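Mature numbering (1 follows the signal peptide of the UniProt record, and there is no 0) puts the sequence shown at residues -16 to -1, 1 to 320. Glycine included, each C-beta is placed from N, C-alpha and C at the ideal position. Just so it is clear, the structure is predicted and the values come from calculations on it, not from any experiment.
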Amino acid sequence: MKATALIIALLGAAEAVYIPSTGTTSLREEAAKKDILIGSGAINPAYLNDPQFAAVLALQFNSLSPENEGKWSFFNPAEGYYNWTSLDRLVNFAEDSNMVVKGHGLISSCCNPDYVLNITDPTALRAAMTAHFEAFMHRYNGKRVDRWDVVTEALKTQGGGLNANIFYNVLGSGYIADAFRIAQAAGPDAKLFINENLVESLPYKRQELYDLVSGLVADSVPIDGVALQMHITEVAPIPGVITDIVNSYKALGLEVTIAEMDVHTLNATLQTDIYGAVIEEALNAGITDISFWGFTDKHAYTWLPGAKPLMFTERYKPKGAFYATHTALTSFINTP
Ligand code: 9MR
């Protein structure tokens, strides 16, 4: 890759960093032409210490979101105590790189601190949610953070009811509406999403999410859309399903996004094909906000031993998945 190595001036600093050339325009250049957000989630701010990581992120993507650093215990482990170091670093990087940020983690089954887990009184739990949301959202409102995952993984992984997290246990199913109302009051200008996994591959769960969300809309809960995680393991969604999902929510006045795509398989050709097919169908269906759960296999999170789910290698070389995504973006014809 030496001959085609590209020198990027990193964030205007005198320092330069070599990254493998893709031999193409960047994803974000192509996305910008069509008003599309193309992002990487799963950004642990500590990864920015690696200048190649920072350079590829800023070169290829126009949006980012934290991996775990926006989850409750990561920055608010005790009542009234907030540590903003990591999140500030991420938002400052986005500012310097002209990127937007999706806030991820407001309500998540993971990473809730003891002071929250020990609350049994509904009024006290709503008060804790309000304080937590206000602290997070007020700090970053108007500072690059333009949209939020308010509730992530409300449903059980295989479907069949709501996850019995602390919020459900204390507030019942109404905790979801409460969370959106609290988020809307704390960040009236931000877009608010419910983030869910596997609905593109499990028809029963797809219907369950639709029933949940259409109920929220009927109750005038302030929700802007559905964020499909799109973690794919070996099998692509059946063609047409993404389009059907987009259309069903469009009829409710809601947006659908892809929030955490990655493809877990040991078959590189299959992975390339799935990236291409999903992005092509998503764009044609009208999805304008697509993010991946990271971009380099150096920092991949996978449940399939040996899988390398992302679009750049550990050494930042573009894979087939990159080119399939790039091709889908360049061939997409935007007809507003
Ligand atoms: O990538 C995250 C991993 O480091 C954490 O251990 C895990 C548990 O909190 O969460 C992972 O991120 C998840 C995200 O927050 C929600 N959707 C599924 C993601 C993993 O694929």
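Are residue i and residue j close, meaning C-beta to C-beta below 8 Å?
{"i": "residue 329", "j": "residue 226", "result": "The requested residue 329 is not part of the displayed model; the chain covers only -16 to 320."}
{"i": "residue 166", "j": "residue 135", "result": "no"}
{"i": "residue 99", "j": "residue 62", "result": "yes"}
{"i": "residue 306", "j": "residue 24", "result": "no"}
{"i": "residue 175", "j": "residue 131", "result": "yes"}
{"i": "residue 14", "j": "residue 280", "result": "no"}
{"i": "residue 212", "j": "residue 139", "result": "no"}
{"i": "residue 285", "j": "residue 4", "result": "no"}
{"i": "residue 31", "j": "residue 283", "result": "yes"}
{"i": "residue 150", "j": "residue 90", "result": "no"}
{"i": "residue 137", "j": "residue 147", "result": "yes"}
{"i": "residue 92", "j": "residue 55", "result": "yes"}
{"i": "residue 198", "j": "residue 219", "result": "no"}
{"i": "residue 75", "j": "residue 85", "result": "yes"}
Assuming the contact rule is C-beta atoms closer than 8 Å, residue i and residue j should be a hit. Round their C-beta distance to whole Å, please.
{"i": "residue 223", "j": "residue 265", "result": "7 Å"}
{"i": "residue 49", "j": "residue 88", "result": "4 Å"}
{"i": "residue 273", "j": "residue 241", "result": "4 Å"}
{"i": "residue 210", "j": "residue 233", "result": "6 Å"}
{"i": "residue 170", "j": "residue 121", "result": "4 Å"}
{"i": "residue 205", "j": "residue 236", "result": "Between residue 236 and residue 205 the Cβ distance is about 11 Å, and since that is not below 8 Å, they are no contact."}
{"i": "residue 295", "j": "residue 259", "result": "7 Å"}
{"i": "residue 95", "j": "residue 57", "result": "5 Å"}
{"i": "residue 10", "j": "residue 43", "result": "5 Å"}
Going by other Cβ atoms of all chains shown within 10 Å of its Cβ, with 16 needed for buried, is residue i buried or exposed?
{"i": "residue 287", "result": "exposed"}
{"i": "residue 290", "result": "exposed"}
{"i": "residue 19", "result": "exposed"}
{"i": "residue 12", "result": "buried"}
{"i": "residue 29", "result": "buried"}
{"i": "residue 221", "result": "buried"}
{"i": "residue 253", "result": "exposed"}
{"i": "residue 298", "result": "exposed"}
{"i": "residue 250", "result": "exposed"}
{"i": "residue 230", "result": "buried"}
{"i": "residue 188", "result": "exposed"}
{"i": "residue 207", "result": "buried"}
{"i": "residue 27", "result": "buried"}
{"i": "residue 156", "result": "exposed"}
Mapping DSSP to helix, strand and coil, what is residue i?
{"i": "residue 150", "result": "helix"}
{"i": "residue 165", "result": "helix"}
{"i": "residue 237", "result": "coil"}
{"i": "residue 209", "result": "strand"}
{"i": "residue 245", "result": "strand"}
{"i": "residue 302", "result": "strand"}
{"i": "residue 101", "result": "helix"}
{"i": "residue 131", "result": "strand"}
{"i": "residue 334", "result": "Residue 334 falls outside the range modelled here, since the chain spans only -16 to 320, and no answer is possible."}
{"i": "residue 218", "result": "coil"}
{"i": "residue 192", "result": "helix"}
{"i": "residue 314", "result": "helix"}
{"i": "residue 22", "result": "strand"}
Along the chain, which unbroken stretches of the alpha helix (DSSP H) at least 4 residues long are found entirely within the region 242 to 296? 252 to 269
Continuous alpha helix (DSSP H) assignments of at least 4 residues falling wholly in the region 58 to 122: 69 to 80 and 98 to 101
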